[in-house]
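Remarks on the structure that follows.
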Amino acid sequence: MSLSAFLQIQDYQLHYQIIGNFAPEKPLLVLLHEGLGALPLWKGWPDELAQALNCPILLYERRGYGQSDPLPLPRPKNYLEKGGVEELHALLSHLQVQQPILIGHSDGGSIALAYAAQYAVKALAVLAAHIYVEEVTLAGILAVKNNPQLPKIIQKLGKYHGTESPRIFSAWADTWLRADFKSWNIAQLLPQIQAPAFVLQGEADEYASPKHLSDIFEGLGSTDKEQHLLPNCGHSPHIQARTALNALILPFLSRQISL
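All letters in the sequence shown, in the order written, are residues 2 to 260 by this note's numbering.
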């Protein structure tokens with residue numbers, strides 16, 4: 002069973018999808034996509050999770066992405082911990098979700114952390130999340146921006162974001178490369194997170210050092226938490242090392258769903 006719908010938030014519409022039999026009072030996995038993401042870019046992982054865990058899943062495309070309405074630019078410095086959190090809260094409130102289990106990748110992981118610091122969640126799992134800006138992050142973004150194949154990359158993004166793909170790329174790359182964004186930091190939010198937490202990063206992540214993983218893990222206020230540095234994996238564990246990721250994350254998620 003799958004439901005696709007739109008939610009009106011102030012002056013824009015948000016596209017979302019629910020996989021499985023959703024009931025507001027029962028646990029719900031909520032997937033938060035990366036900075037260039039869209040629903041198809043999860044590459045079938047949500048369906049695998051739903052089947053393996055027998056748990057419904059909520060996916061959505063943030064403003065500007067996929068089938069959601071266009072994003073105004075430039076983005077504010079706090080677009081993740083403010084705009085991203087407010088959008089997620091509006092969606093979960095609309096659906097009356099009582100037991101969200103957040104699973105966030107990259108930008109989505111940062112939003113998951115910021116949300117869990119402000120609102121009650123049953124648990125959270127973050128993959129390649131960021132809490133501050135590293136030089137390796139900027140170098141990785143610059144490498145993509147200076148890639149001679151960039152026009153083709155943006156053209157490919159058009160498959161998911163249509164005519165908005167150039168703006169989505171700019172919203173990601175140009176925001177992070179702005180001089181004022183270098184001081185962005187949400188580490189101070191981590192001690193407020195008390196929910197069970199799973200933190201994972203690829204050992205060869207192009208946008209973060211292994212220290213980023215340990216800083217997130219150590220900063221969490223949670224007493225039930227685990228961290229994993231995944232070998233032979235870059236920035237997208239759910240695509241590059243799905244079997245290894247599933248072996249680690251499925252037991253964690255299964256425990257949280259059954260509690």
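Heads up, the beta-carbon is just placed ideally off N, CA and C, and yes, glycines get one too.
According to the Cβ coordinates, are residue i and residue j closer than 7 Å?
{"i": "alanine 126", "j": "isoleucine 250", "result": "yes"}
{"i": "isoleucine 187", "j": "glutamate 82", "result": "yes"}
{"i": "alanine 130", "j": "glutamine 193", "result": "no"}
{"i": "glutamine 68", "j": "histidine 106", "result": "no"}
{"i": "glutamine 195", "j": "glycine 222", "result": "yes"}
{"i": "isoleucine 112", "j": "glycine 141", "result": "no"}
{"i": "glycine 65", "j": "isoleucine 169", "result": "yes"}
{"i": "proline 252", "j": "lysine 123", "result": "no"}
{"i": "isoleucine 20", "j": "alanine 51", "result": "yes"}
{"i": "leucine 92", "j": "proline 238", "result": "no"}
{"i": "leucine 103", "j": "valine 31", "result": "yes"}
{"i": "histidine 229", "j": "glycine 109", "result": "no"}
{"i": "valine 134", "j": "lysine 183", "result": "yes"}
{"i": "leucine 231", "j": "alanine 245", "result": "yes"}
{"i": "histidine 278", "j": "leucine 8", "result": "Examination of residue 278 is not possible in this model, given that the chain is present from 2 through 260 alone."}
{"i": "glutamine 14", "j": "aspartate 70", "result": "yes"}
{"i": "alanine 115", "j": "leucine 214", "result": "no"}
{"i": "tyrosine 120", "j": "alanine 39", "result": "no"}
{"i": "histidine 236", "j": "glutamate 204", "result": "no"}
{"i": "glutamate 26", "j": "glutamine 99", "result": "yes"}
{"i": "leucine 37", "j": "tryptophan 173", "result": "yes"}
{"i": "asparagine 22", "j": "proline 57", "result": "yes"}
Under the three-state reduction of DSSP, which class applies to residue i: helix, strand or coil?
{"i": "proline 101", "result": "strand"}
{"i": "phenylalanine 253", "result": "helix"}
{"i": "isoleucine 20", "result": "strand"}
{"i": "alanine 209", "result": "coil"}
{"i": "glycine 235", "result": "coil"}
{"i": "leucine 261", "result": "Beyond the ends of the chain as shown, which are 2 and 260, falls residue 261; an answer cannot be given."}
I'd like to confirm the pairing. Which residues does DSSP put opposite residue i in its beta bridges?
{"i": "alanine 6", "result": "Tyr17"}
{"i": "glutamine 228", "result": "Val200"}
{"i": "asparagine 186", "result": "Tyr133"}
Let me confirm a value: residue i is counted as buried when at least 16 other C-beta atoms fall within 10 Å, else exposed. Which label applies?
{"i": "proline 73", "result": "exposed"}
{"i": "glycine 163", "result": "exposed"}
{"i": "proline 149", "result": "exposed"}
{"i": "glutamate 165", "result": "buried"}
{"i": "aspartate 181", "result": "exposed"}
{"i": "aspartate 12", "result": "exposed"}
{"i": "aspartate 76", "result": "Reading the sequence as shown, one finds arginine at residue 76 and not aspartate. Looking at its Cβ environment, which holds 16 or more other Cβ atoms inside 10 Å, arginine 76 is buried."}
{"i": "alanine 198", "result": "buried"}
{"i": "lysine 44", "result": "exposed"}
{"i": "lysine 157", "result": "exposed"}
{"i": "glutamine 202", "result": "buried"}
{"i": "lysine 226", "result": "buried"}
{"i": "threonine 176", "result": "buried"}
{"i": "leucine 151", "result": "exposed"}
{"i": "arginine 179", "result": "exposed"}
{"i": "leucine 254", "result": "buried"}
{"i": "alanine 242", "result": "buried"}
{"i": "arginine 256", "result": "exposed"}
Contained alpha helix (DSSP H) runs [length at least 4] in the segment 120 to 178, N- to C-terminal order: 136 to 146, 151 to 162, 166 to 178
Segments of 3+ residues assigned as beta strand (DSSP E) that fall wholly inside the segment 55 to 98: 58 to 62
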